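>
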Amino acid sequence: MDKNSKIFVAGSRGLVGSALVRRLALGGYSNLLTPEIDQLDLTDQNAVAAFFASEKPEYVILAAAKVGGIHANNTYPAEFIYINLTIQSNVIHQAWLNGVKRLLFLGSSCIYPKLAPQPMTEEHLLTGLLEPTNEPYAIAKIAGIKMCESYNRQYGTKFIAVMPTNLYGPGDNFHPENSHVLPALIRRFHEAKVENAPEVIVWGSGTPRRELLYVDDMAHGCLHLMELADAQIAPELLSYPKPCFVNLGTGQDVTIRELAETVCKVVGYQGKLVFDATKPDGTPRKLQDVSRMHSLGWQHSVSLEHGISTTYHWFLGNQK
Numbered sequence: 021m022d023k024n025s026k027i028f029v030a031g032s033r034g035l036v037g038s039a040l041v042r043r044l045a046l047g048g049y050s051n052l053l054t055p056e057i058d059q060l061d062l063t064d065q066n067a068v069a070a071f072f073a074s075e076k077p078e079y080v081i082l083a084a085a086k087v088g089g090i091h092a093n094n095t096y097p098a099e100f101i102y103i104n105l106t107i108q109s110n111v112i113h114q115a116w117l118n119g120v121k122r123l124l125f126l127g128s129s130c131i132y133p134k135l136a137p138q139p140m141t142e143e144h145l146l147t148g149l150l151e152p153t154n155e156p157y158a159i160a161k162i163a164g165i166k167m168c169e170s171y172n173r174q175y176g177t178k179f180i181a182v183m184p185t186n187l188y189g190p191g192d193n194f195h196p197e198n199s200h201v202l203p204a205l206i207r208r209f210h211e212a213k214v215e216n217a218p219e220v221i222v223w224g225s226g227t228p229r230r231e232l233l234y235v236d237d238m239a240h241g242c243l244h245l246m247e248l249a250d251a252q253i254a255p256e257l258l259s260y261p262k263p264c265f266v267n268l269g270t271g272q273d274v275t276i277r278e279l280a281e282t283v284c285k286v287v288g289y290q291g292k293l294v295f296d297a298t299k300p301d302g303t304p305r306k307l308q309d310v311s312r313m314h315s316l317g318w319q320h321s322v323s324l325e326h327g328i329s330t331t332y333h334w335f336l337g338n339q340k
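This note's numbering puts the sequence shown at residues 21 to 340.
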């Protein structure tokens, strides 16, 4: 990408999008299109078509999505599948119609089967049943991957995708019910510390393992792929039937218990940690094989404890 290239970051105000904008700015890219939802509703087909026709972005990073944790996915399954399918369909189709040079679609590691072999490789996609608690969201993301793949096959586009593992960092959603596990833990331990509560109850048994990636590491990985020459990505990502997507993570995981203990340490909470095994655990393990991304020249750099510390300090300055 040229530094003056017109780049559309769809979903630029969320956790992922804001990190991407930060990284692009750090890389010297200043011609960014970052409309907010009141300026461009990505679920409105006509509005998206008009935006592409008038702005003519050269590159697109599709980070817009409805996201949430187990509770949110269980409560709003129709919204998760409808909104995500609609956004993806509108943006990907218009990117092709308007000659976008490269599109990067952001998915999620939840695309993999619940009982996929560990660590999960890109080839494990569609080899088993999904985790029921987030199946509608996962199906939408799988559809996004297959849209990119199908447009590449039929039209010769260069639409690629990344499947980040569980992301966290500045700008995360710390809602007490609808957030992911790490921001939920940060909020819970912080409130317990402020209230001098004797114990903190964590959902589940504490035994499932999770891989977590600091969001600015994710943004660095995405920009790395966007900056690679066509000849560098084509053998891996544009050569069907090879997957057009790549895992983006650390290749390392921790138990929920270890994660909670690390958050407890960073926050400085002194009380007791209790696990409620009557609550759902979700997928037993979600560890990605990141060797393909490493072969393309990128790997993560932020440690889990450092990332949690940075995220907690952001939370302290942005509580709502």
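Glycine is no exception: its CB is placed at the ideal position from the N, C-alpha and C atoms.
All of these numbers come straight from a predicted model, not from anything done at the bench.
#1: State whether the segment 286–298 contacts the segment 212–228, with contact taken as three or more CB pairs (one from each stretch) at a distance under 8 angstroms.
#2: Look at the alpha carbon of I159 and the alpha carbon of V87, and state the distance between them as a whole number of angstroms.
#3: Just to confirm, is the Cβ distance from G127 to A84 under 7 angstroms?
#4: Determine the closest residue to I60 out of S50, Y49, S74 and G148, with distance taken between C-alpha atoms.
#5: Output the distance between the C-alpha atoms of P139 and A70, rounded to the nearest integer angstrom.
#6: Taking C-alpha atoms, which residue in T141, E143, C130 and L117 lies nearest to L150?
#7: Determine the closest residue to R335 out of V111, L205, T185 and K26, with distance taken between C-alpha atoms.
#8: Is S199 near A297, with beta carbons less than 7 angstroms apart?
#9: Can you tell me where the alpha helix (DSSP H) holding V87 begins and where it ends?
#10: Shortest alpha-carbon distance to V68 belongs to which of P304, A115, M167 and S311?
#11: Determine whether the beta carbon atoms of V286 and Y234 lie at a separation below 7 angstroms.
#12: If you check the beta carbons only, do T275 and R208 fall under 7 angstroms apart?
#13: Roughly how many whole angstroms lie between the Cα atoms of T282 and M313?
#14: Pairs of beta-carbons, one from the segment 91–110 and one from the segment 33–48, closer than 8 angstroms: are there three or more?
#15: Using the Cβ count rule (16 or more neighbours within 10 Å means buried), how would you classify H326?
#16: For the alpha helix (DSSP H) holding F209, just list the boundary residues, first then last.
#17: If you draw a straight line from the alpha carbon of I112 to that of L268, how long is it in whole angstroms?
Checking against the coordinates, here is how it stands:
#1: Contact check between the segment 286–298 and the segment 212–228: three or more CB pairs, one atom from each, fall below 8 angstroms, which counts as touching.
#2: 13 angstroms
#3: Going by C-beta atoms, G127 is not nearer than 7 angstroms to A84.
#4: Correcting the residue identity first, residue 60 is Leu in this sequence and not Ile. With distances taken between Cα atoms, L60 lies closest to S74.
#5: 42 angstroms
#6: C130
#7: Here the sequence assigns Phe to residue 335, which means Arg is not the residue at that position. Of the residues V111, L205, T185 and K26, the one whose Cα lies closest to the Cα of F335 is L205.
#8: no
#9: Taken as a continuous stretch (DSSP letters only), V87 belongs to no alpha helix (DSSP H), as it is neither H nor E.
#10: A115
#11: no
#12: If you check the CB distance, T275 and R208 do not come in under 7 angstroms.
#13: 27 angstroms
#14: Because the criterion of three Cβ pairs below 8 angstroms is not met, the segment 91–110 and the segment 33–48 do not touch.
#15: exposed
#16: Start and end: V201 to E215.
#17: 21 angstroms
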